[in-house]
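So the sequence lines, in the order shown, correspond to chains X and Z. Numbered by my numbering, the letters in the first sequence go through residues 10 to 151 in order. Numbered by my numbering, the letters in the second sequence go through residues 10 to 151 in order. Working notes for the structure below.
Protein chains: 2
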Amino acid sequence: MPKNCNFIEKLREVGLRPTKQRVNMCEVLFNREKTFHFTINDLVKMISEKMNEKISLATVYNTVHALEKKGYLKEISIDSHKSYFDTNTLAHHHFFDEDTHELIDLNESDIDKINIRKNITGKKINSVEVLVRVASDNQNQK
Amino acid sequence: MPKNCNFIEKLREVGLRPTKQRVNMCEVLFNREKTFHFTINDLVKMISEKMNEKISLATVYNTVHALEKKGYLKEISIDSHKSYFDTNTLAHHHFFDEDTHELIDLNESDIDKINIRKNITGKKINSVEVLVRVASDNQNQK
DNA sequence: TCAATAGTTTAGAATTATTATAATGTAGTT
DNA sequence: AACTACATTATAATAATTCTAAACTATTGA
Numbered sequence: 010m011p012k013n014c015n016f017i018e019k020l021r022e023v024g025l026r027p028t029k030q031r032v033n034m035c036e037v038l039f040n041r042e043k044t045f046h047f048t049i050n051d052l053v054k055m056i057s058e059k060m061n062e063k064i065s066l067a068t069v070y071n072t073v074h075a076l077e078k079k080g081y082l083k084e085i086s087i088d089s090h091k092s093y094f095d096t097n098t099l100a101h102h103h104f105f106d107e108d109t110h111e112l113i114d115l116n117e118s119d120i121d122k123i124n125i126r127k128n129i130t131g132k133k134i135n136s137v138e139v140l141v142r143v144a145s146d147n148q149n150q151k
Numbered sequence: 010m011p012k013n014c015n016f017i018e019k020l021r022e023v024g025l026r027p028t029k030q031r032v033n034m035c036e037v038l039f040n041r042e043k044t045f046h047f048t049i050n051d052l053v054k055m056i057s058e059k060m061n062e063k064i065s066l067a068t069v070y071n072t073v074h075a076l077e078k079k080g081y082l083k084e085i086s087i088d089s090h091k092s093y094f095d096t097n098t099l100a101h102h103h104f105f106d107e108d109t110h111e112l113i114d115l116n117e118s119d120i121d122k123i124n125i126r127k128n129i130t131g132k133k134i135n136s137v138e139v140l141v142r143v144a145s146d147n148q149n150q151k
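Structure (structure tokens):
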């Protein structure tokens, strides 16, 4: 979604009612230069601050899942203990910093095209994603 | 770990007391031809059957984590709702079948060597792993 | 061999993340 | 304005995992 667009119309277009909570969530998520990664808890805090009032945790879960279903968010499974979401919904690769638990996008140009030689009969490939785990140079692997 | 080895000695070598529960867990996990993937619940069932008595869920969690820390198991994060473990502890790639939630290992030869062109100062690469999501050919992506 | 002790197992309680529920509220339509 | 369908909310329920403290067991060394 482009910067400074009207999220009321965007939401309506995809069949989601543009409630106060949803519009605020969209502004927090999409009204920015670069895509980013977040957890549900991060998002609750950010929206509550923006709105200057509480938002129900259940609403954030519901709305995140609604946006995910419409293709505006993507869930990232990296750490089994936390669920991350990404506003970059294209298939892409990540660095995961094992020290800070920070997630960093890799550009297409940072990695060679990946060719999968095996295929499974009756199954098609939906996505191919690489996870590069990194950690501080002067300490051992966790 | 090779087939039919004595897990009592193996456990002792890495500093884990060879208790009845741990030896049984090792036999379930490592006394087989091929590496495999499992969840904690799968494992509780398998060990209980093998022992012909109940094993505490807490013990399975403790022991899986002890084996993981010693490098005999590896956690795989694919599905944020379930935690999978793998007896193949080498960095390797996977197919994930989105229909059945089955996890299939990819051989080294099934995929070209991956070259990461970007690097982060002060960080070293610990692993590079590819996840290929597949689904039935005649249905849309989940 | 046998007691001391340090690590282990256990059932159940606690915690955490997520989903369900049901009452209240609100957007869109007439 | 009023109806209706969908949303939001606080709270309860559920599920996965971790914690706790008492009972147990493998190891050590007298």
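All C-beta atoms, glycine included, are put in the ideal place defined by N, C-alpha and C.
message: Just to confirm, is the Cβ distance from X/H102 to X/I120 under 8 Å?
response: yes
- request: Kindly list the residues whose CB is nearer than 8 Å to the CB of X/S136, restricted to its own chain and excluding five residues on each side of it in sequence; keep chain order.
  value: A100
- prompt: Which residue or residues does DSSP assign as beta-bridge partners of X/H46?
  reply: X/D95
field: Positions along the region 127 to 147 of chain Z whose CB lies within less than 7 Å of some CB in chain X
entry: K127, I129, G131, K132, K133, I134, N135, S136, V137, E138, V139, L140, V141, R142, V143, A144, S145 and D146
query: Exposed or buried, what is Z/N33 when buried is set at 16 or more other beta-carbons lying within 10 Å of its beta-carbon?
result: buried
- request: Give the single residue among X/A144, X/N124 and X/D146 whose Cα lies nearest to the Cα of Z/V139.
  value: X/N124
message: With DSSP as the reference, identify every bridge partner of Z/D88, one or two as the case may be.
response: DSSP lists no partner for Z/D88.
message: Here's the rule: buried if 16 or more other CB atoms are within 10 angstroms of the residue's CB, otherwise exposed. What is Z/K83?
response: buried
- prompt: From what residue to what residue does the alpha helix (DSSP H) around Z/I17 run?
  reply: F16 to E22
task: Give me the Cβ distance between X/E107 and X/V141, rounded to the nearest whole Å; I'm assuming they're in contact under 8 Å.
output: Contact flag wrong, Cβ pair sits at about 11 Å.
task: Classify Z/L66 as buried or exposed, calling it buried when 16 or more other Cβ atoms lie within 10 Å of its own Cβ.
output: exposed
- prompt: So what's Z/A144 in DSSP terms, helix, strand or just coil?
  reply: strand
query: Residues of chain Z with CB under 9 Å from X/N124, in chain order?
result: I120 and D121
task: Specify whether the region 110 to 119 of chain Z and the region 65 to 80 of chain Z touch according to this definition: at least 3 beta carbon pairs, one from each stretch, less than 8 Å apart.
output: no
- request: Identify whether X/K29 lies in helix, strand or coil by the three-state DSSP scheme.
  value: helix
- prompt: Using a C-beta cutoff of 8 Å, does X/I87 count as contacting chain Z?
  reply: yes
query: Counting only beta-carbon atoms, is Z/F47 nearer than 8 Å to chain X?
result: no
- prompt: Among Z/F105, Z/N40, Z/Q30 and Z/G80, which has the Cα closest to the Cα of Z/N15?
  reply: Z/N40
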